[in-house]
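Novice:
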DNA sequence: ATTCGTGTGT
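Residue numbers (the UniProt record's numbering): 1 to 849.
1. Determine the extent of the alpha helix (DSSP H) in which residue 86 is found, giving its start and end residues.
2. My guess is that residue 638 and residue 678 are in contact by the Cβ rule of under 8 Å, so how many angstroms apart are they, rounded?
3. Would you tell me roughly how many angstroms separate the C-alpha atoms of residue 712 and residue 705, rounded to the nearest one?
4. Tell me the DSSP secondary structure of residue 341 in three-state form.
5. For residue 770, does the count of other Cβ atoms within 10 angstroms reach 16, so buried, or fall short, so exposed?
6. Quick one: is residue 453 buried, meaning 16 or more other Cβ sit within 10 Å of its Cβ, or exposed?
7. Out of 284, 291, 283 and 419, point me to the one whose CA is closest to residue 273's CA.
8. Which residue comes first and which comes last in the alpha helix (DSSP H) that contains residue 697?
9. Which one of 433, 551 and 206 has the shortest CA to CA distance from residue 458?
10. Of all the alpha helix (DSSP H) runs that stay within the bounds of the region 499-563, which reach a length of 4 or more residues?
11. Should residue 249 go down as buried or exposed, given a rule of 16 or more other Cβ atoms within 10 Å for buried?
12. Across the region 430-448 and the region 399-406, are there enough close Cβ pairs to call them in contact, namely three or more that are closer than 8 Å?
13. Please go through the same chain and pick out, in chain order, the residues whose beta-carbon is closer than 8 Å to the beta-carbon of residue 358, but skip the five residues on each side of it.
14. Rounded to whole angstroms, what's the CA-CA distance from residue 495 to residue 372? Just pull it up for me.
15. Using a Cβ-Cβ cutoff of less than 8 Å, which residues in the same chain neighbour residue 24 once the five nearest sequence positions on both sides are dropped?
16. If residue 566 sits next to residue 533, beta carbons under 8 Å apart, how far is it from one beta carbon to the other, in whole angstroms?
17. Just how far apart, CA to CA, sit residue 491 and residue 255?
18. Since residue 111 and residue 130 are thought to touch, with beta carbons under 8 Å apart, how far apart are those beta carbons, to the nearest angstrom?
19. Can you check which of these residues, 196, 217, 218 and 222, is closest to residue 233 by C-alpha distance?
20. When we look at the beta-carbon of residue 28 and count the other beta-carbons within 10 Å, is it buried (16 or more) or exposed?
21. Let me check understanding here. Comparing Cα to Cα, which of 192, 220, 219 and 221 lies closest to residue 207?
22. Assess contact between the region 522-529 and the region 537-545, defined as three or more Cβ pairs (one per stretch) separated by less than 8 Å. Is contact present?
23. Here's a check: name, in chain order, each residue in its chain whose Cβ is nearer than 8 Å to the Cβ of residue 646, leaving out the five neighbours to either side.
24. For residue 108 and residue 138, I'd like the C-alpha separation in whole angstroms.
25. Output yes or no for whether 8 Å exceeds the beta carbon distance between residue 190 and residue 228.
26. Roughly how many whole angstroms lie between the Cα atoms of residue 499 and residue 587?
27. Can you grab the Cα-Cα spacing for the pair residue 594 / residue 634, in whole Å?
28. In the DSSP assignment, find the unbroken alpha helix (DSSP H) run with residue 158 in it and report its ends.
29. With a CB to CB cut of under 6 Å and the five nearest residues on each side skipped, what residues in its chain are close to residue 87?
30. Would you decide whether residue 43 is buried or exposed? Buried here means 16 or more other CB atoms lie within 10 Å of its CB.
31. Could you check where the alpha helix (DSSP H) with residue 33 kicks off and where it finishes?
32. Can the beta-carbon of residue 162 be found closer than 8 Å to that of residue 143?
33. For residue 564 and residue 576, which I take to be in contact (beta-carbon distance under 8 Å), what is that distance rounded to the nearest angstrom?
34. Give a yes or no on whether the C-beta atoms belonging to residue 91 and residue 127 are separated by under 8 Å.
35. How far does the alpha helix (DSSP H) with residue 418 in it extend, from its first residue to its last?
36. Just the C-alpha distance for residue 447 and residue 483, rounded to the nearest angstrom, thanks.
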């Protein structure tokens, strides 16, 4: 180094400074050995400068990350009349890229074109990098096709660009092409490729193959590469493999420590993350902003405010509280761990210039704390502050829309998404589908799905789940067909949703097919098994439900709840109650659903005292606070047991505002026990809350009828029709070969009349020459049925199976049910609200309103 | 004589 300085002075003395070649060499030497300052000094003293002189100084600035000065030099150079060459341009572009100076970069790009340097591999590489970093993917990918003979660096940059823009399969294709072109990928190539291997659709396989390939290619291991491999295994939930790689060499820096810590956090091993942090301190590696961000994230993942606050104090001690990454993690932590939004807001206000992540965390915090309207308002404030939402922000806001079913907000955001082309992101598309489906606009959800570039299991699963929530199980099952046509495989989550749809409809056939699929595809996890218990219960087959239950390796609260409620709703009251004892013995904690089933079971089974015991023990013994639903069950229990006044007392003293359901429940009980005054009172209260509920009028009329007050009964019915109210059409449906057939009765029909019609139907069938034999199932057309009964509206022309087991509910004789599937057992038919148990031609459903 | 690409966080 000293040598350079020695050569300098004699050279000026002998007047050789005009020798440009030597001066440029010296300038380069100065820049490399003494830094940009002295080089700049030397440069200023040069009487003659050429493109190499300018470029040497400029590239030195770029190399030393003095990007702003580098661009200033570029300006000065052009001002002095000196044309840049490819070397100058690449350095200037690199500075633009580092500064995010998109405009300036585009101008230099124009320069590149003007000078005819478009096909230069190095320049094209730098431009790809620039455009990718400036989010200008279209330009970047146009350039990808330009270069013919690039080196490893240009190929790697192109691959990086594709990875950065989430074009994973294209990145992998380019990697294969690169090898085919005879170039060997190096550490840089693998670092970038590894960073994408944890993403959806590629899975664990990809990362492991890349790890194998880099060993096979003999790529030299370094700390950066090691970090990338550790990160890959951690993100693929293979923490043990990550640790194995981590232990292969003793080298470790703050990056690797942070990767290890965040790896533990991502794998929900918070204790080990904290231990790693302690080890890091022992190894004298000071944590940086990223490390603290990971640790704060660890705190929020276990919802520990205490841990979060401890790290917050460390952050303050390290002087990192102004850092944007730490600040964002603080917002997230306080929003998730504290009861109010106040601390999160405080953390947000502490940031000098909040970025899109800060705003998104703030908005998500409000939405998660039930303050959706405020989150919409913040979304507006964010844009007013000049921060553009990203896909995280949009999916967060759409999540809030879905939660409170705000269609207006959804449509607003949809407009924004179309305008900004944010719908390219599948996460945004999925959130939009979810919001529309949640708000009841299934058609709009389908339209979004059709317009999406790609769909994944989540797209269809969330749609099916939302359709289920709204009770449209038929449409939910139709999603399966679309999903198959789209060649999207079901996940365990999809299966859970579809099984729940099948359960909702009580379709045994579809349910069984889904059951087969889940076994074959190895998705028989807890949530799927629990759904199976629910499904078979809903289909009335407790044998199958119990079989599914026994197959569950680790029964949880949901499993037991499904079993208990299945037994209870299928009339196996004592089995339901003893299942609860088994649940306690198995050490599984009951929750509010468990008690709902238990009290319901007692109410059905006329086990008044036992039901009361369950109700009063739930809070005392099991620490489960009764909700309004539990009180409704309690009123039903007391009411059916004839303790009407006591039930009324409970309604008046319970800690909830009574709703019309609870009054209706008591009204029904009054009807059973013939208590006219209390029933009238209940009906009055119901109508105050909802004057347009036909069920209330019908219950009241029935109460009058039974009390031999038919005049009042008729008056009530007349009042109902005067108010334009109609009995909601009775519907029932049956399943034939996996298809659902809905029947609805148009009007009230006499029981004897119906029995007559069944006989007539069978006679008709015989008379018309259709084959009919006793005890034999035959297929008939639905319209033949409609013809025979006259009162049925049958929405399908598909064949329906009928035999003499076709039954009519003796209690709710306003509709007809055809149950053939259970002909060999006790017969159970489902309608929209409840089950009807037929035994010897008698229906056991009581008090049908 | 002067140019290009890598890892930790929502």
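Each residue gets a CB set at the ideal place from its N, CA and C atoms; glycine is no exception.
Specialist: Well, looking at it:
1. Residues 86-99.
2. Actually they are not in contact, since the Cβ atoms of residue 638 and residue 678 sit about 12 Å apart, beyond 8 Å.
3. Distance between the alpha carbons of residue 712 and residue 705 is about 8 Å.
4. coil
5. Interpretation of residue 770 is limited by its pLDDT of 45, a score under 50 that renders its predicted location unreliable; the figure taken from the coordinates is listed afterwards. That one is exposed.
6. exposed
7. Answer by Cα proximity: 291.
8. From DSSP, the alpha helix (DSSP H) with residue 697 extends over 694-706.
9. 433
10. 508-520, 526-538 and 542-550
11. exposed
12. Yes, the region 430-448 touches the region 399-406.
13. 324, 327, 328, 331, 348 and 351
14. 30 Å
15. If we look at residue 24 and ignore the five residues flanking it on each side, its Cβ neighbours are 50, 52, 53 and 56.
16. 6 Å
17. 35 Å
18. Wrong, their Cβ atoms sit about 13 Å apart, outside the cutoff.
19. 196
20. buried
21. It is 192.
22. no
23. 638
24. When rounded, the distance between both Cα atoms is 18 Å.
25. yes
26. 27 Å
27. Taking the straight line from one Cα to the other gives about 14 Å.
28. 152-164
29. 55, listed in sequence order.
30. Burial call: buried.
31. 20-34
32. no
33. 5 Å
34. no
35. Per DSSP, residue 418 belongs to the alpha helix (DSSP H) from 407-420.
36. 15 Å
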